[in-house]
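Asks: Sharing a structure with you now.
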Amino acid sequence: MSSMNRREFLQILAAASAAGFALDSRLAWAAGKGDSFYELPRFGNVHLLHFTDCHAQLQPVYFREPSVNLGIGAATGKAPHLVGEKLLKAFGIKPGSMEAHAFSFLNFEKAAKTYGKVGGFAHLATLVKRLRAGRPNSLLLDGGDTWQGSATALWSKGQDMVDACKLLGVDIMAGHWEFTLGDKRVLEIVEQDFKGKVDFVAQNIKTADFGDKVFEPYAMREMNGVKVAVIGQAFPYTPIANPRWMIPEWTFGIQDDNMQKTVDEARAKGAQIVVVLSHNGMDVDLKMASRVTGIDAILGGHTHDGVPQPVVVANASGKTLVTNAGSNGKFLGVLDFDVKGGRISGFRYKLLPVFSNLLPADAEMTALIDKVRAPHLAKLEEKLAVSEGLLYRRGNFNGSWDQLILDAIMEVQGADIGFSPGFRWGTTILPGQAITFEHLMDQTAITYPQATLTEMKGEQIKTILEDVGDNLFNPDPYYQQGGDMVRVGGLEYTCDPNAKIGNRIQDMRLKGKLLEADKTYKVAGWAPVAEGAKGEPVWDVVARYLRDKKTISPRNLNQPKLVGMKGNAGIA
Amino acid sequence: MNTTRRTVLKGATASGVLAGLIAAGALRPTQVLAADWNKAAFDAKDTSAALKGLGAGTAAESKDLILKVPDIAENGAVVPVDVTSNIPNTSSIAILVDKNPTALSAMFTFANGALPDVSARIKMGQTSLVKAVAKAGDKFYVAQKEVKVTVGGCGG
Numbered sequence: 009m010s011s012m013n014r015r016e017f018l019q020i021l022a023a024a025s026a027a028g029f030a031l032d033s034r035l036a037w038a039a040g041k042g043d044s045f046y047e048l049p050r051f052g053n054v055h056l057l058h059f060t061d062c063h064a065q066l067q068p069v070y071f072r073e074p075s076v077n078l079g080i081g082a083a084t085g086k087a088p089h090l091v092g093e094k095l096l097k098a099f100g101i102k103p104g105s106m107e108a109h110a111f112s113f114l115n116f117e118k119a120a121k122t123y124g125k126v127g128g129f130a131h132l133a134t135l136v137k138r139l140r141a142g143r144p145n146s147l148l149l150d151g152g153d154t155w156q157g158s159a160t161a162l163w164s165k166g167q168d169m170v171d172a173c174k175l176l177g178v179d180i181m182a183g184h185w186e187f188t189l190g191d192k193r194v195l196e197i198v199e200q201d202f203k204g205k206v207d208f209v210a211q212n213i214k215t216a217d218f219g220d221k222v223f224e225p226y227a228m229r230e231m232n233g234v235k236v237a238v239i240g241q242a243f244p245y246t247p248i249a250n251p252r253w254m255i256p257e258w259t260f261g262i263q264d265d266n267m268q269k270t271v272d273e274a275r276a277k278g279a280q281i282v283v284v285l286s287h288n289g290m291d292v293d294l295k296m297a298s299r300v301t302g303i304d305a306i307l308g309g310h311t312h313d314g315v316p317q318p319v320v321v322a323n324a325s326g327k328t329l330v331t332n333a334g335s336n337g338k339f340l341g342v343l344d345f346d347v348k349g350g351r352i353s354g355f356r357y358k359l360l361p362v363f364s365n366l367l368p369a370d371a372e373m374t375a376l377i378d379k380v381r382a383p384h385l386a387k388l389e390e391k392l393a394v395s396e397g398l399l400y401r402r403g404n405f406n407g408s409w410d411q412l413i414l415d416a417i418m419e420v421q422g423a424d425i426g427f428s429p430g431f432r433w434g435t436t437i438l439p440g441q442a443i444t445f446e447h448l449m450d451q452t453a454i455t456y457p458q459a460t461l462t463e464m465k466g467e468q469i470k471t472i473l474e475d476v477g478d479n480l481f482n483p484d485p486y487y488q489q490g491g492d493m494v495r496v497g498g499l500e501y502t503c504d505p506n507a508k509i510g511n512r513i514q515d516m517r518l519k520g521k522l523l524e525a526d527k528t529y530k531v532a533g534w535a536p537v538a539e540g541a542k543g544e545p546v547w548d549v550v551a552r553y554l555r556d557k558k559t560i561s562p563r564n565l566n567q568p569k570l571v572g573m574k575g576n577a578g579i580a
Numbered sequence: 039m040n041t042t043r044r045t046v047l048k049g050a051t052a053s054g055v056l057a058g059l060i061a062a063g064a065l066r067p068t069q070v071l072a073a074d075w076n077k078a079a080f081d082a083k084d085t086s087a088a089l090k091g092l093g094a095g096t097a098a099e100s101k102d103l104i105l106k107v108p109d110i111a112e113n114g115a116v117v118p119v120d121v122t123s124n125i126p127n128t129s130s131i132a133i134l135v136d137k138n139p140t141a142l143s144a145m146f147t148f149a150n151g152a153l154p155d156v157s158a159r160i161k162m163g164q165t166s167l168v169k170a171v172a173k174a175g176d177k178f179y180v181a182q183k184e185v186k187v188t189v190g191g192c193g194g
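Protein sequences appear in the order of chains A and B.
Numbered according to my numbering, the first sequence terminates at residue 580, and the numbering increases by one at each position without gaps.
Numbered according to my numbering, the second sequence terminates at residue 194, and the numbering increases by one at each position without gaps.
Here is the structure:
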């Protein structure tokens with residue numbers, strides 16, 4: 009349907025409804041609203057458009073939001089740790105509406121068929137152009153995780169996304185997975201492709217030896233008579249969560265003190281609006297907003313939370329808006345400030361879902377995407393198998409796509425236990441849909457893709473699970489890393505998120521038998537962060553499994569028994 | 039990046055200029071160490087024994103003693119620690135790691151007028167409290183923060 013324009017789509021919807029097709033009855037309402045869905049009147053004089061964590065998804069995709077996103081400690085029951093009906097209620101979203109489909113997992117399969125795919129750079133480009141036409145001198149901000157996540161991004165070392173972002177009109181960018189292309193490649197893009205066009209900013213990346221800056225900490229732009237500073241914040245734990253050897257000379261961290269210094273410097277140089285383009289993750293952003301003063305808004309990403317409205321955080325000198333704009337090209341955030349006499353007199357924020365069928369594809373962007381894909385088309389479109397069930401990734405503990413990867417790497421490598429990293433990117437497949445090689449790459453396209461088979465003692469397995477559990481459930485957000493729990497195949501366990509490290513993971517059992525601390529087990533995994541790891545790329549291992557099976561039955565999700573999470577608004 | 043400074047320093051090391059300085063007696067590390075080496079404190083297996091070795095049985099928390107360490111170590115083998123004391127007459131600063139096999143990592147003493155501001159890289163085997171202990175007059179002060187050492191991977 010990508011070539012169909014909006015009017016044609018709406019006409020077909022109307023015809024389908026009239027003919028009594030099994031479309032959702034609310035679609036008539038949606039169709040009637042279609043023309044006005046993206047009409048967002050201009051407000052004020054400072055306009056920021058923000059997308060983040062698109063993970064190189066140039067094409068429209070399906071993407072299911074999580075049904076498990078637990079909040080622990082002070083984060084319990086608050087955004088972004090709300091799922092399903094609790095999320096809709098908190099933000100006043102009508103159940104069954106297009107927005108409800110965009111922001112929640114509810115009724116996903118049926119709603120996805122009704123409303124179609126989301127995102128796609130050609131559709132996003134149309135939306136950006138439309139909004140910018142009504143918002144003179146607006147800035148387009150890219151929160152990062154843009155050059156990684158697809159086959160074509162991996163094979164072109166991010167070049168397809170660099171070109172697409174320049175065409176889209178990105179002005180300022182922050183980063184995380186970008187760094188897994190290695191320091192030299194990042195600098196090459198920033199110093200050559202982006203020179204004079206896109207500012208790549210990061211206040212929290214320094215050289216490991218002398219603490220010198222690697223990138224400009226912020227960019228200053230004048231917009232409709234107002235000076236606006238955009239400070240960059242890279243993912244603070246990149247050298248821990250991803251291979252450090254790819255960026256050996258750089259050090260990261262949260263760097264509150266330096267953030268405060270940077271804000272103060274931008275203000276001293278006349279900035280009337282100061283925003284942070286952040287890849288901290290929302291929990292870290294919320295804490296940072298309470299500690300650092302003088303920031304008007306933190307436009308956040310990393311944790312892939314589609315949060316409909318900003319959270320307003322009070323600090324010692326004022327208030328800071330904190331947003332998070334989802335993932336996979338599914339949303340575009342629009343933040344308007346009205347600045348009068350150097351002061352903010354009001355703001356408007358809207359996180360717009362990008363429904364591909366409601367936004368005609370931009371011709372120029374379509375041409376670029378087609379050109380990128382053309383040499384690889386046969387490989388990308390190879391049908392590996394057909395999935396009978398829904399395949400998705402997001403969720404704190406497991407997703408059906410991860411379960412499929414675990415089943416594959418364990419069977420192919422003859423392992424007792426499987427580990428798959430708790431990545432939050434990766435697209436969704438509807439029941440009955442073919443799994444193409446491109447879909448498989450959506451889940452696995454990284455620069456350290458080796459599949460591994462390791463002998464581990466029971467004690468070691470427990471240590472790893474506790475360590476990752478603490479990255480997710482430490483009550484202090486500054487000790488969290490923003491991914492999900494490592495996905496575990498074969499091994500059953502109980503998890504008490506409120507417990508301290510060392511006590512969260514309990515009752516680990518393999519085929520009903522308690523795991524023994526001193527016994528050695530064969531563990532299959534992938535994505536090793538150590539330098540020099542050997543192994544076949546995980547996509548080849550899983551592709552072989554899929555070609556062999558041809559039909560993939562609905563997966564049996566291995567999820568831990570949870571303790572103390574009854575009533576938590578972050579679990580459906 | 040200040041590449042000039044980096045190049046000069048790399049060049050200096052390579053051509054032995056620093057070694058020359060030491061040989062000429064401008065820097066005399068072994069003599070300094072020999073004079074001040076507190077064996078009891080550096081050999082102590084835990085923090086309380088190390089503090090005792092330093093003569094610092096009790097230390098008061100002070101906001102004028104500023105300890106900068108990462109929340110999570112990027113590399114446990116080289117954790118950057120920065121300590122600044124704004125306490126008047128600070129004469130020494132010690133850095134301790136509770137869960138290291140020997141708790142005392144470093145000890146700095148300041149001659150009259152030297153600014154008590156030190157940076158070091160310390161090794162940590164596991165998540166632990168890191169402590170800075172400053173001596174001013176005959177009193178001891180402490181600042182502490184937990185540094186997490188993690189297995190890594192799986193993020194994002």
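Cβ atoms here follow ideal geometry from the backbone N, Cα and C, with glycine treated the same way.
Predicted model only: the values in this text are computed from it and were never measured.
Going by DSSP in three states, SER129/B sits in which element: helix, strand or coil?
Replies: strand
Asks: Does the contact criterion of 3 or more C-beta pairs under 8 angstroms hold for the segment 321–340 of chain A versus the segment 290–306 of chain A?
Replies: At 8 angstroms Cβ cutoff, the stretches touch.
Asks: Pairing CB atoms from the segment 84–93 of chain A with CB atoms from the segment 454–467 of chain A, are three or more of them under 8 angstroms?
Replies: no
Asks: Is the Cβ-Cβ distance between ASP581/A and ALA130/A less than 8 angstroms?
Replies: This structure cannot settle anything about residue 581/A, because the visible part of chain A is limited to 9 through 580.
Asks: Check whether the Cβ of GLY79/A lies closer than 7 angstroms to any heavy atom of the ligand HEM, and answer yes or no.
Replies: For the structure depicted, the ligand HEM is absent and the ligand set is empty, with no information on it obtainable.
Asks: May I ask you to list the residues that DSSP assigns as paired with ALA224/A?
Replies: Note on residue identity: the sequence assigns Glu, not Ala, to residue 224/A. DSSP output for GLU224/A lists VAL209/A as bridge partner(s).
Asks: Determine, using beta-carbon pairs with one atom in the segment 384–395 of chain A and one in the segment 439–447 of chain A, whether at least three such pairs fall under 8 angstroms.
Replies: They touch, by the three-pair rule.
Asks: From LEU494/A to TYR501/A, what distance separates their C-alpha atoms?
Replies: Checking the sequence shown, residue 494/A turns out to be Val, not Leu. Between VAL494/A and TYR501/A, the C-alpha separation is close to 12 angstroms.
Asks: Run the CB neighbour count on ALA150/B, radius 10 Å, all protein chains shown included, and call it buried at 16 or more, exposed below.
Replies: Checking the displayed sequence, the identity of residue 150/B turns out to be Asn instead of Ala. ASN150/B should be labelled exposed.
Asks: How would you list, in chain order, the residues of chain A whose beta-carbon sits under 7 angstroms from the beta-carbon of ASP109/B?
Replies: At a beta-carbon threshold of 7 angstroms, the residues of chain A lying near ASP109/B are ILE262, TYR486 and TYR487, ordered along the chain.
Asks: With DSSP as the reference, identify every bridge partner of TYR357/A, one or two as the case may be.
Replies: LEU343/A
Asks: At a Cβ threshold of 8 angstroms, is ASN124/B touching chain A?
Replies: no
Asks: Which chain B residues are close to ARG252/A, counting only those with a beta carbon under 9 angstroms from its beta carbon?
Replies: GLU112, ASN113 and GLY190
Asks: Closer than 8 angstroms, CB to CB, is LYS183/B near chain A or not?
Replies: Answer no: the Cβ-Cβ gap between LYS183/B and chain A never drops below 8 angstroms.
Asks: Which residues mark the beginning and the end of the beta strand (DSSP E) in which ASP155/B is found?
Replies: 155–160
Asks: Is GLY63/B close to chain A? Criterion is C-beta to C-beta, closer than 8 angstroms.
Replies: Annotation note: pLDDT 42 at GLY63/B (below 50); position unreliable, coordinate value reported separately. It does not; no Cβ of chain A falls within 8 angstroms.
Asks: If we ignore side chains and look at the alpha-carbon of each, how far apart do GLU526/A and ALA532/A end up?
Replies: The residue asked about is misnamed: residue 526/A is Asp in this sequence, not Glu. Computed Cα separation, rounded: 19 angstroms.
Asks: Would you call ASN332/A buried or exposed, if buried means 16 or more other Cβ atoms sit within 10 Å of its Cβ?
Replies: buried
Asks: Is SER86/B helix, strand or coil by DSSP?
Replies: Correct three-state label for SER86/B: helix.
Asks: What do you reckon, are the CB atoms on VAL180/B and VAL189/B nearer than 8 angstroms?
Replies: Annotated as distal: VAL180/B and VAL189/B, with beta-carbon spacing of 8 angstroms or more.
Asks: Tell me the rounded alpha-carbon separation between GLY293/A and MET231/A.
Replies: In the sequence under discussion, the amino acid at residue 293/A is Asp, which differs from the Gly named in the question. Roughly 25 angstroms between the two C-alpha positions.
Asks: Between the segment 457–475 of chain A and chain B, which residues of the former have a C-beta closer than 8 angstroms to a C-beta of the latter?
Replies: Residues of the segment 457–475 of chain A with a C-beta atom less than 8 angstroms from some C-beta of chain B are THR471, ILE472 and ASP475, listed in chain order.
Asks: Counting pairs of beta carbons, one from the segment 239–249 of chain A and one from the segment 260–279 of chain A, are three or more of them closer than 8 angstroms?
Replies: yes
Asks: From what residue to what residue does the beta strand (DSSP E) around THR462/A run?
Replies: 459–465
Asks: From LYS574/A to GLN567/A, what distance separates their C-alpha atoms?
Replies: 16 angstroms
Asks: Let me make sure I understand the geometry here. Which of ASP272/A, VAL271/A and VAL330/A has the alpha-carbon closest to that of MET290/A?
Replies: VAL330/A
Asks: Looking at chain A, is there any beta carbon in it that lies within less than 8 angstroms of the beta carbon of LYS186/B?
Replies: yes
Asks: Give the residues from the segment 256–284 of chain A that approach chain B closer than 9 angstroms (Cβ to any Cβ), ordered along the chain.
Replies: Taken in chain order, the members of the segment 256–284 of chain A whose beta-carbon sits within less than 9 angstroms of a beta-carbon on chain B are THR259, PHE260, GLY261, ILE262 and ASP265.
Asks: Between which residues of its own chain and ASP81/B is the CB-CB distance below 7 angstroms, once the five residues before and five after are set aside?
Replies: THR140
Asks: With a Cβ-Cβ cutoff of 8 angstroms, do VAL582/A and THR160/A count as a contact?
Replies: This structure cannot speak to residue 582/A, because chain A is shown only from 9 to 580.
Asks: Rounded to the nearest angstrom, what separates ARG229/A and GLY128/A at their Cα positions?
Replies: 28 angstroms
Asks: When you compare each of LEU340/A, VAL234/A, ARG563/A and HIS58/A to ARG351/A by their alpha carbons, which one comes out closest?
Replies: Considering only alpha carbons, the answer is VAL234/A.
Asks: For GLY175/B, count the other beta carbons within 10 Å of its own beta carbon; 16 or more makes it buried, fewer makes it exposed. Which is it?
Replies: exposed
Asks: CA-CA distance, ALA416/A and TRP433/A?
Replies: 19 angstroms
Asks: Under three-state DSSP, which class holds GLU99/B?
Replies: Here GLU99/B sits in strand by DSSP.
Asks: Can you check whether the C-beta of ILE197/A is within less than 8 angstroms of a C-beta belonging to chain B?
Replies: No, because no Cβ of chain B sits closer than 8 angstroms to the Cβ of ILE197/A.
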